[in-house]
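Numbering-wise, our numbering comes out as the position in the sequence shown, counting from 1, plus 711.
Down below is the structure, laid out as structure tokens.
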Amino acid sequence: MKTSSRLRYFLYLSILIVGCTTGKNALQKGNYDASVSKSVDRLKNSPKNAEAMRVLPTAYELALKDHLRKIDEAKLSSNVLRWETILSHYQQLNQLSDEINSSPVAQSLVPNPPKYIAEVEDSKYKAAETRYALGINQLNENNRVSAKNAYFNFEKAHYFYPNYKDVQHKMDDAYWAAVLKVVVQPVMVQSNYYKLSNQYFQQQVNEFMSNYQKNRFVIFYSEQQTSAQKIIPNQVLRLNFDDFVVGQTYVKERVEKLKRDSVVIGETRANGKVYGTVRATLSIFDKKVSSSGLLSMTIYDYQTNKIIKQQRLPGTYIWQDSWASYKGDERALTKQQLSMTKRREMLPPAPDALFVEFTKPIYAQLVDEISYFYNKY
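Quick look at the structure:
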């Protein structure tokens, strides 16, 4: 127990020594804020720590002067966003004040560290004012890119000063001016027989479009939505199954001559078991039913009818089955071969099910292509 207590004591002492050294090092490197924070932490754990008591007043004085100097420089700057810099420095000063006030020892060493509450509020207001003015100018340019930049500026203004003028309303205006509206036409398939199967693909597309969140400035609409909401789209997305083949069947037969030696083929009283060679002919049938198709994806400008992007997405699904038959002695077959001979030819899925299967890889490609293309908007 004595050894354990002594070990804990030295470990605690080592932590305090390293901590104070770290605070001193931060001061020497000009990291005044970090030096204040570390010194306060050490004083909370060890109120009589001499090193921390020496470091703290000096570190705080230098931090205060450094922030006030940078505030004065920013005020004289021509940087349009200078009030955000000024706000940041006032907030850091207030944080240092709060840290010092959280320790009685630190308070005695640095009594009444100033807090710049009014200055923070004034800086927030002026930062919001600047962002709002930038947003108004960009919104008046009447184009998507500028409207998008305006939205971000209004968003910043709202962050700094939520009640600044009509900033929330301007955010909405900028957002809807920046949004790319895309109408998605129903997926077309040139076959009445597969219209029901196509509904599965259509449902997947609808679900993806309605839940799309990769880019908040892109919204997909169905034709019914654009009509009901009287939306004038920017782009049109057209999807067509141009070419597809369902249920192409291929059957391949492989014939193998089998034999196995040293197989018991009989028994006599005189000689006992009789060994010999057994033979068989194994016919293995491999059946493949292939279904494939091409989806044409075309994106064009609604106003000019000009094609922006065009691509064909392929998809294939192959259903497979194997079975076998034999002639001769079954003892020439392995267990696996014999098992195959007991299987019977299976019927492939119905054509409508095969159609659904080959569209699955097409859907995966479609999602990737749409996500990549509209990410730039």
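Think of the CB as a built atom: it goes at the ideal place given N, C-alpha and C, for glycine as much as any other residue.
With DSSP collapsed to three states, give me the class of residue 1018. Stepping through the sequence shown from its first residue, residue 1018 is reached at position 307. Three-state result, residue 1018: strand.
Our contact map puts residue 1028 next to residue 912 with C-beta atoms below 8 Å; I'd like the distance itself, whole angstroms only. Your numbering for residue 1028 matches position 317 in the sequence shown. Your numbering for residue 912 matches position 201 in the sequence shown. Contact flag wrong, Cβ pair sits at about 13 Å.
Using CA coordinates, which residue listed in 735, 931, 884 is at the minimum distance from residue 1085? Taking the first residue of the sequence shown as position 1, residue 1085 is located at position 374. Among 735, 931, 884, the Cα nearest to that of residue 1085 belongs to 931.
Looking at the strands, I want to know which residues DSSP matches up with residue 1012. Within the sequence shown, residue 1012 is the residue found at index 301, counting from 1. In DSSP, residue 1012 forms a bridge with 946.
Mind checking who residue 899 pairs with in its DSSP beta bridge? Along the sequence shown, read from residue 1 onward, the residue named residue 899 stands at position 188. Answer is 951.
Return helix, strand or coil for residue 1074, following the three-state DSSP convention. In the sequence shown, the residue the question calls residue 1074 occupies position 363. DSSP places residue 1074 in helix when its eight states are reduced to three.
Per-residue DSSP class, three states only, for residue 1036: Numbered from 1 along the sequence shown, position 325 holds the residue referred to as residue 1036. Three-state DSSP puts residue 1036 in a strand.
Reference residue 938, options 916, 919, 894, 957, closest by Cα: The sequence position of residue 938 within the sequence shown is 227, counting from 1. Taking only the C-alpha atoms, the option nearest residue 938 is 894.
In terms of residue numbering, what span does the alpha helix (DSSP H) encompassing residue 834 cover? For this step, residue 834 is matched to residue 123 along the sequence shown. Residue 834 -> alpha helix (DSSP H) spans 828-850.
Residue 784 in three-state terms, based on DSSP: If you number the sequence shown from 1, residue 784 lands on position 73. Three-state result, residue 784: helix.
Could you tell me which of 949, 902, 888 sits nearest to residue 942, measuring between CA atoms? If you number the sequence shown from 1, residue 942 lands on position 231. Of 949, 902, 888, the residue nearest in Cα terms is 888.
How long is the line joining the alpha carbons of residue 863 and residue 800, rounded to whole angstroms? For this step, residue 863 is matched to residue 152 along the sequence shown. For this step, residue 800 is matched to residue 89 along the sequence shown. Near 23 Å, if we compare the C-alpha coordinates of residue 800 and residue 863.
Name the two residues that bound the continuous alpha helix (DSSP H) containing residue 1090. Residue 1090 lies beyond the stretch modelled for the chain, which goes from 712 to 1088, so this question has no answer here.
Between the C-alpha atoms of residue 727 and residue 758, what's the straight-line distance to the nearest angstrom? The residue you call residue 727 lines up with position 16 of the sequence shown. The residue you call residue 758 lines up with position 47 of the sequence shown. With a pLDDT of 42 at residue 727, under the threshold of 50, the modelled position of this residue cannot be trusted; read the value that follows with caution. Rounded to the nearest whole angstrom, the C-alpha separation of residue 727 and residue 758 is 11 Å.
Which residue marks the beginning of the beta strand (DSSP E) containing residue 932, and which one marks its end? As a position in the sequence shown, residue 932 is number 221, starting the count at 1. Element bounds for residue 932: 929-933.
So is residue 663 buried or exposed if we call it buried at 16+ other beta carbons inside 10 Å? The structure shown does not extend to residue 663, since the chain is modelled only from 712 to 1088, so the question has no answer here.
Let me know the secondary structure DSSP gives residue 991 once reduced to three states. The residue given as residue 991 occupies position 280 in the sequence shown. In the structure shown, residue 991 sits in a strand (DSSP, three-state: E or B).
Excluding the five sequence neighbours on either side, which residues of its own chain have a C-beta within less than 8 Å of the C-beta of residue 859, listed in chain order? Position 148 of the sequence shown holds residue 859. So the list reads 885, 889, 928, once near-sequence residues are dropped.
What three-state label does DSSP hand residue 722 in the structure shown? Position 11 of the sequence shown, counted from the first residue, corresponds to residue 722. Confidence in residue 722 is poor, its pLDDT being 46 and thus under 50, which makes the residue's placement unreliable; the coordinate value appears in the next sentence. The answer is helix: DSSP assigns residue 722 an H, G or I state.
Pair within 9 Å by beta-carbon distance, residue 747 and residue 770: For the purposes of this step, residue 747 is taken as the residue at position 36 of the sequence shown. For the purposes of this step, residue 770 is taken as the residue at position 59 of the sequence shown. It is a contact, given that the beta carbons lie within the stated cut-off.
Please name the residue in 958, 990, 1037 whose C-alpha comes closest to that of residue 1061. By 1-based counting over the sequence shown, the position of residue 1061 is 350. The option with the nearest alpha carbon to residue 1061 is 958.
Who are the near neighbours of residue 782 in its chain, counting only those whose CB is closer than 6 Å to its CB and skipping five residues on each side? For this step, residue 782 is matched to residue 71 along the sequence shown. Counting only Cβ-Cβ distances below 6 Å, and skipping sequence neighbours, we find 797, 800.
What span of residues does the alpha helix (DSSP H) with residue 752 cover, start to end? Residue numbering aside, residue 752 sits at position 41 when the sequence shown is read from its first letter. Start and end: 743-756.
Suppose contacts are defined by Cβ-Cβ distances below 9 Å. Is residue 1051 in contact with residue 995 by that definition? Taking the sequence shown and counting its residues from 1, one reaches residue 1051 at position 340. Taking the sequence shown and counting its residues from 1, one reaches residue 995 at position 284. Yes, these two residues count as a Cβ contact at 9 Å.
According to DSSP, simplified to helix, strand and coil, what is residue 822? Position 111 of the sequence shown, counted from the start, is the residue given in the question as residue 822. In the structure shown, residue 822 sits in coil (DSSP, three-state: anything other than H, G, I, E or B).
For residue 882, collect the residues of the same chain with a Cβ closer than 8 Å to its Cβ; drop the 5 residues on either side in sequence, then sort them by chain order. On the sequence shown, position 171 is the one that residue 882 refers to. So the list reads 862, 865, 866, 869, once near-sequence residues are dropped.
Enumerate in chain order the residues of its own chain whose CB-to-CB distance from residue 1078 is below 8 Å, with the five nearest sequence positions on each side excluded. One-based indexing of the sequence shown puts residue 1078 at position 367. Counting only Cβ-Cβ distances below 8 Å, and skipping sequence neighbours, we find 919.
Under DSSP, the alpha helix (DSSP H) around residue 1046 begins and ends at which residues? By one-based count along the sequence shown, residue 1046 stands at place 335. Element bounds for residue 1046: 1046-1052.
Cβ-Cβ distance between residue 1031 and residue 1067 below 9 Å: As a position in the sequence shown, residue 1031 is number 320, starting the count at 1. As a position in the sequence shown, residue 1067 is number 356, starting the count at 1. No; because the gap between Cβ atoms is not below 9 Å, this pair is not in contact.
Sequence-distant residues of its chain with Cβ nearer than 6 Å to residue 872 (five each side left out): If you number the sequence shown from 1, residue 872 lands on position 161. Here the set comprises 835, 836, 839.
Just confirm the distance between the C-beta atoms of residue 977 and residue 985, as a whole number of angstroms; I'd bet it's less than 8 Å. Numbered from its first residue, the sequence shown carries residue 977 at position 266. Numbered from its first residue, the sequence shown carries residue 985 at position 274. About 4 Å; that satisfies the 8 Å criterion.
Quick one: using the 10 Å Cβ neighbour count with 16 as the cut-off for buried, is residue 760 buried or exposed? Taking the first residue of the sequence shown as 1, we reach residue 760 at position 49. Its Cβ being crowded by 16 or more others within 10 Å, residue 760 is buried.
Helix, strand or coil: how does DSSP classify residue 813 here? One-based indexing of the sequence shown puts residue 813 at position 102. Of the three classes helix, strand and coil, the one that applies to residue 813 here is coil, per DSSP.
Starting from residue 1031, follow its DSSP beta bridges and name the residues at the other end. Here residue 1031 refers to the residue found at position 320 when the sequence shown is read from its first residue. Bridge partners of residue 1031: 999.
Checking the sheet assignment: what are the DSSP bridge partners for residue 1024? For the purposes of this step, residue 1024 is identified with residue 313 of the sequence shown, where counting begins at 1. DSSP, once it has assigned bridges, lists 1006 as partnering residue 1024.
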